[in-house]
Every structure is written in structure tokens, then in C-alpha cells.
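Structure first, commentary second.
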Amino acid sequence: MKPSNRKSLFLAMAGLLVTITAMSQTPQRWWGYWTSDMPMNPVGELASGKNEMCIRLTSQNKKAVGAKLHGIRFYISNKTAVQSAKVWASSRQSAGYNLMAKDIPVDELLDVDNDGKPTTVMLDEPIDLVQANNPYSNIYIGFTIFLPEYGAFTPCEMMATGSSTGQMNANMYAWKTVEDSTGPIALQLLISNPDIPELEATALIPEGLILENNGNFTVDIPIRNDGTEGVHSITYQWTIDETASWETEYVFENPVVELDAAPSIPVVITPPTEAAWHELGLNILSINGKVGGSVAEKKPLLVVEQYGTKRTVMEEFTGTWCPNCPRGTVGVNKLVGIFGERFIPIAVHNDDPMTIADYDQSKFRKSVTSALGGFPSATVDRTYNCDPYMGYTLRYNFLTDQIVSEALEKKAVADIDVEASWDDPTSTNINVRARTTYYYSSDLASHKLILVLTADGLTGDSGNWLQVNEFVGRTDLPEDMSPYVNGERRMKEIYNHVAVAVAGVENGISGSITSPVVCGETQEYQQQLTFPESLRQEGMQLYAVAMLVDNNTGQVMNANIAKVEQENTGITTPEHLSANAQHATSVYDLQGRKISQMKKGIYIMDGKKVVVTH
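Read in order, the letters of the sequence shown are residues 50 to 663 in our numbering.
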């Protein structure tokens with residue numbers, strides 16, 4: 050061999066050796082939308098037959114671009130009924146696992162209930178994930194569970210939590226995303242990627258931080274690991290309106306090694322005294338004692354003089370035709386018993402005599418019921434979409450109290466007082482007055498009001514007034530469902546919290562809150578609502594609900610409710626009553642019913658309140 054050829058061969062081998070060494074030194078790390086420091090929630094039972102779950106990666110997933118996949122691990126709740134399982138990768142959901150498929154022996158399948166561990170599958174050969182510089186590059190990574198073809202649901206659940214993306218297909222219904230209501234599937238990928246830095250971390254300042262201006266506050270701020278070395282300690286400083294705090298070191302009790310894992314650290318912040326909007330940042334100055342880190346994206350911080358009294362609203366979507374909707378009634382009643390006046394339910398009916406078209410046909414209602422798969426469904430503060438009884442699960446366990454508790458923990462930046470009275474007891478017009486008091490100042494009003502009338506005590510003896518009930522005779526339900534287990538297929542009900550009129554259902558009422566917002570000052574808004582004459586019933590009671598919604602997110606920030614009262618126009622003595630009654634053209638009781646004879650009590654005579662004392 051000529052010397053020049055030997056030299057070329059040596060250089061080629063040296064280059065190959067460098068490449069192999071570099072590849073061998075590229076560390077493998079677990080990564081995914083869901084990470085092990087996040088809590089885990091079951092989001093549904095899997096049906097008989099074939100069930101598939103996957104995550105979708107695109108070129109927007111920077112850690113996936115140019116990466117190789119070495120292994121997959123995932124959680125299921127219970128493996129008892131599983132007949133077979135596999136992991137797979139595909140360029141399309143319908144591509145038939147064209148990139149990789151690997152069967153999992155049933156005896157190697159692990160679960161949460163019995164093992165407390167994920168099932169981990171290592172690939173025989175690594176596969177490439179998302180291609181660099183290809184905006185159309187997609188890859189789906191998932192697992193498939195096969196359950197017996199006969200029987201109803203099994204106790205094998207998909208697990209999800211947090212907020213990101215995932216898809217599921219339980220038996221015969223189409224693929225759908227789970228991100229809107231549940232978060233990412235609990236699935237992780239073992240990847241290697243030379244483009245991932247060795248040392249990097251990012252502070253993820255929460256949205257919507259609200260602090261009082263009367264002392265130091267501890268704020269939990271997630272710190273995301275973006276490097277292959279992991280995070281053992283950081284040095285950081287927070288900033289408010291570009292003014293920096295002192296440097297602080299934090300040592301993690303458990304080192305953060307998973308990519309994108311983001312455990313929270315307690316950060317003590319001293320807010321400014323001005324009750325207004327400010328800007329909060331957190332800069333990571335060093336990681337593990339080495340220079341590195343990042344500058345966090347600054348987020349708005351609202352400082353208030355005080356917190357308002359927080360109340361939360363559940364808008365429940367139901368209908369008498371809906372055989373599963375009785376569980377919504379049970380759930381709402383339990384929530385009223387637990388939270389009292391701090392919980393405000395609104396029952397929005399569909400396709401029955403109590404339907405209000407403005408509410409039922411709104412894009413808002415349709416978006417919630419579509420995301421949750423139909424009726425019954427609910428949304429809490431227009432933030433948490435859930436089943437009104439089971440929460441985020443499909444098992445008959447009452448869990449919505451956890452969701453309402455979380456909503457009530459949020460801080461209110463304003464208080465709302467609401468009053469309502471009949472315009473005239475013979476009419477269907479209700480005058481509603483809402484007073485909103487803010488605890489900060491802003492040149493821009495970022496809220497609007499939604500007004501709703503609700504009715505208690507509506508009922509009917511036949512037809513579409515009767516509630517369809519599919520729970521008759523069931524033996525697998527909790528005790529709180531017994532009124533329906535022991536009930537009839539079509540039941541006469543007394544319906545409460547029924548929405549009978551609404552204003553501003555989609556985006557709030559324009560002009561109901563005006564600029565500027567001044568700390569400590571009260572804004573007043575009045576509007577007349579009209580409920581359908583067809584729903585006027587003996588014994589009913591009307592209520593007015595005022596919701597304060599964020600213009601940008603549509604979320605309910607606070608709310609209040611008040612009983613609709615008669616206008617207080619004075620008291621008539623029995624002597625005067627006798628004389629006035631002779632000339633009265635109309636006399637009504639407080640429920641708006643016209644009467645011909647008055648006994649002891651309070652009445653409305655020609656639009657004025659009168660009291661009969663004996």
C-alpha cells in the first residue's frame with residue numbers, strides 16, 4: 050500500500066474513531082411532555098378491544114430534532130385484564146407502525162396499582178426522531194393495550210396530567226387530543242441528542258401571579274432542566290421592574306436529571322407597594338456551581354392592596370333527555386353542601402323545557418361539551434373542564450370537590466356585590482345591579498361582567514319535564530347515587546340552579562367595566578334581564594349571578610349571587626290595607642302569583658309592597 054493511501058486510511062479511521070467516541074459520549078436521558086416530578090391522574094377507563102395512546106413530535110420540539118430514540122416507558126393503572134401490549138413509532142397515526150413496533154410480553158408489563166412502576170421497553174436498535182430543517186416532519190410514539198373483546202370497561206386506565214399534548218383512541222372512537230382537559234400522556238422517551246447542551250436550566254415563572262403589597266411572599270417557581278448533566282443546585286436573583294434582588298443559592302433535595310423535568314423551588318419575593326401591574330423576572334446565574342443558566346421570560350405580576358372574597362362558578366351542561374345527567378345533579382348537590390355560598394352552580398339545559406337558546410347555542414357551551422364528549426359536562430370558572438361528578442375520570446368516584454377547592458385557592462383582585470329585584474311582579478323583567486370594587490389601579494380595564502338569572506324549584510309532571518335515568522338497579526355505584534339506583538327510568542324532579550336568562554354569555558357585556566380601574570373605587574353596572582313567561586311557576590325562586598371574566602382568557606375571576614327580591618316600597622298597615630284593597634287592580638304574592646284573598650303575610654299591591662299582620 051502506498052504511503053499516501055496508508056495516510057488516507059489512517060485519517061479515515063481516526064475520523065471514524067472520533068465519530069464513534071462522540072456518539073458513545075452523547076448521554077441518553079429520559080424526556081417527555083410528562084415528567085416524573087409531575088402528579089399523575091387517571092383520565093379514563095379503556096374499553097374492550099384495542100386501545101392506543103401516543104404523543105406527537107414535530108420540528109417545534111427542539112429536543113426531538115436530530116435525536117435518536119433508545120427506549121420508551123409508560124404507565125397504566127392496572128394490568129390485570131390486559132391480553133397483550135406493544136410500543137410503536139409511526140410517521141402518521143394511520144401508517145401501521147411503519148417506523149418501529151415491539152411486542153411486550155404480558156408478564157413483563159408493570160402497572161401503578163400492583164408494581165408502582167412504569168413499563169420500560171428498550172429498543173433493539175435506536176431510531177431517528179424528528180428530522181432537522183423539515184417543518185413537516187412528524188413522528189408519533191405510542192403504546193397499544195389489548196383488552197378482552199367482551200364485557201364493559203376494565204380497570205386499565207390511561208394516565209395523564211399537566212398541560213401539553215397527546216392523543217388517545219379507546220376502542221371504536223376516533224383519535225382525539227387530551228390536552229384541553231387532562232394534559233400529556235404519562236409516557237417518556239429515552240433519547241440522545243448531541244445538540245442538547247450539557248448545562249442549562251430555565252425558570253418558568255407562573256402566569257397570573259397576584260401578591261399583596263404588605264410583606265414578603267413565597268412564590269413556587271418551576272426550574273426546568275434543559276441540560277444533560279442535570280441540575281443539582283442553582284444561584285439566582287429575581288427582578289421586579291428591572292430592579293434586581295440579592296443572589297440566592299438553592300440546592301435541590303433530589304437532583305433533576307430528566308430533561309424538561311421542572312420541580313418548583315420556593316422564592317421569597319418582596320413586592321412593591323404600588324397596587325398595580327408590575328413585571329417579574331428570575332435570572333439563573335449558575336448551575337451546579339458552574340457558569341450557565343438562562344434569563345427567564347418576564348411575566349406580569351399584579352400587586353393588590355388586599356384580596357377579594359373568592360367565589361367560584363360551575364356551569365353544568367345537562368338535559369332531561371340525558372340518561373347520565375342525574376350524576377351531575379348528585380355532584381352539584383354535594384358541592385353545594387361542601388362549599389356553601391362560595392360555590393355558585395348554574396345548570397344550563399339542552400333540548401328540554403328549561404332550555405335557554407342564548408346559553409345553550411353559544412360557542413362557549415358547544416366548545417365545552419365537545420371537548421368532554423357530550424352531556425353531562427361542566428366547567429369551573431371557565432378554567433377547568435370536567436365531569437360534574439367524576440372530575441377528570443370516568444369512574445364513579447366523586448372528585449369534583451378537588452377541582453372546586455383548587456379554583457377557590459386562586460386570589461381575587463376585586464369583590465362583586467349583586468342585587469336584583471322584580472321590575473313589576475306581573476312582568477318577567479328583573480333589574481340586576483352589580484357593584485365591582487377593585488384592589489389595584491390600572492389604566493386599562495381587563496374585565497367584563499356576565500349576568501345570569503337562575504331559578505330554583507322548577508318542575509313538571511310529564512313529557513320532557515321528566516328526567517331520564519339510566520342508573521336504575523345498578524349495583525356498582527356509590528351510596529350517593531342511590532336516589533337514582535332506586536328510582537325510575539323517567540323521574541319527576543325539582544330542578545334547581547337552572548339558567549333562565551343570560552347576558553354576555555360568550556365574551557362578557559361590553560362596557561360593564563370601564564377604564565380606568567382605580568384601587569378602592571367601586572364601579573356599578575345595571576341591566577334588566579327577562580326570563581321566559583313559560584317558566585313562571587308557583588314556588589319558584591329566582592337568583593341573579595354576576596361573573597367577572599378576564600377579557601383575554603375568558604376565565605372567571607370572581608363571582609357572586611343574590612336572591613331576586615321585590616322592590617321595597619314601604620309597609621301598609623292593616624287599616625290602610627283594607628281601604629286600599631277596595632281600589633286595588635292587582636294583588637300578587639312574593640312569587641308573582643295573582644291572588645284574590647289576602648291573609649297574614651307580605652304582598653305586592655299595584656306594584657307596592659304591603660304587609661298583613663293579622
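For every residue, glycine included, the Cβ atom is placed at its ideal position computed from N, Cα and C.
Item	Value
Three CB pairs or more closer than 8 Å across the region 290-303 and the region 372-384	no
Beta-carbon proximity of N332 to V306, cut-off 9 Å	no
The region 508-523 contacting the region 412-431, beta-carbon criterion three pairs below 8 Å	no
Euclidean distance between Cα positions of V566 and A463	10 Å
Rounded separation between H496 and T84 - CA only	35 Å
Bridge partner(s) assigned by DSSP for G276	G276 pairs with nothing; no bridge assigned.
Residue from L260, A311, L106 and E542 with nearest C-alpha to H281	A311
Extent of the continuous beta strand (DSSP E) to which V353 belongs	K348 to V353
Cβ-Cβ distance between G115 and Q74 below 9 Å	no
CB-CB length for K368 against D401, believed under 8 Å	Per the sequence shown, the amino acid found at residue 368 is Gly instead of Lys. Contact flag correct, Cβ pair sits at about 5 Å.
Backbone CA spacing between E256 and E354 [nearest angstrom]	20 Å
Test item: CB-CB of N337 and E519 under 9 Å	no
Distance CB(N263)-CB(A461) smaller than 9 Å	no
Nearest residue (CA-CA) to A456, options I314, D164, D430 and K339	D430
Length at least 3, wholly inside the region 370-417: the beta strand (DSSP E) runs in chain order	392-398
For E573, the first and last residue of its enclosing alpha helix (DSSP H)	Segment T571 to T579 is the beta strand (DSSP E) holding E573; no alpha helix (DSSP H) there.
For L334, three-class secondary structure by DSSP	strand
Per DSSP, cross-strand counterpart(s) of K99	F195
The region 485-504 in contact with the region 544-563 per 3-pair CB rule at 8 Å	yes
Inside the region 484-540 only - beta strand (DSSP E) runs reaching at least 3 residues	496-505
Cutoff 6 Å; reference P243; Cβ partners in own chain excluding five residues on either side	T75
Where the beta strand (DSSP E) containing L3 begins and where it ends	The structure shown does not extend to residue 3, since the chain is modelled only from 50 to 663, so the question has no answer here.
Inter-residue Cα distance where the pair is L106 and R538	47 Å
As assigned by DSSP and simplified to three states, the class of V306	coil
Euclidean distance between Cα positions of Y544 and M87	40 Å
Extent of the continuous alpha helix (DSSP H) run through Q132	Q132 -> no alpha helix (DSSP H), and no H or E assigned at all.
Beta-carbon proximity check, C103 vs Q142, cutoff 9 Å	yes
Nearest neighbour of K698, chosen from I234, M171 and V161 [CA to CA]	The structure shown has nothing for residue 698, since the chain only spans 50 to 663.
DSSP beta-bridge partners of Y285	T297 and I333
Beta-carbon proximity check, L308 vs I393, cutoff 9 Å	no
Nonlocal neighbours in the same chain, by C-beta distance under 7 Å from T485, ignoring five residues either side	A463, I465, I562, T571, Q572 and L597
Endpoints, the beta strand (DSSP E) within which D464 is located	A463 to W471
Of the listed residues P246, E198 and G440, nearest to E365 (C-alpha basis)	G440
Other residues of its chain near L493: CB distance less than 7 Å, five sequence neighbours each side excluded	S564
Residue environment, G215, which counts as buried when at least 16 other CB atoms sit within 10 Å	buried
For D164 and V170, the rounded distance between their alpha carbons	16 Å
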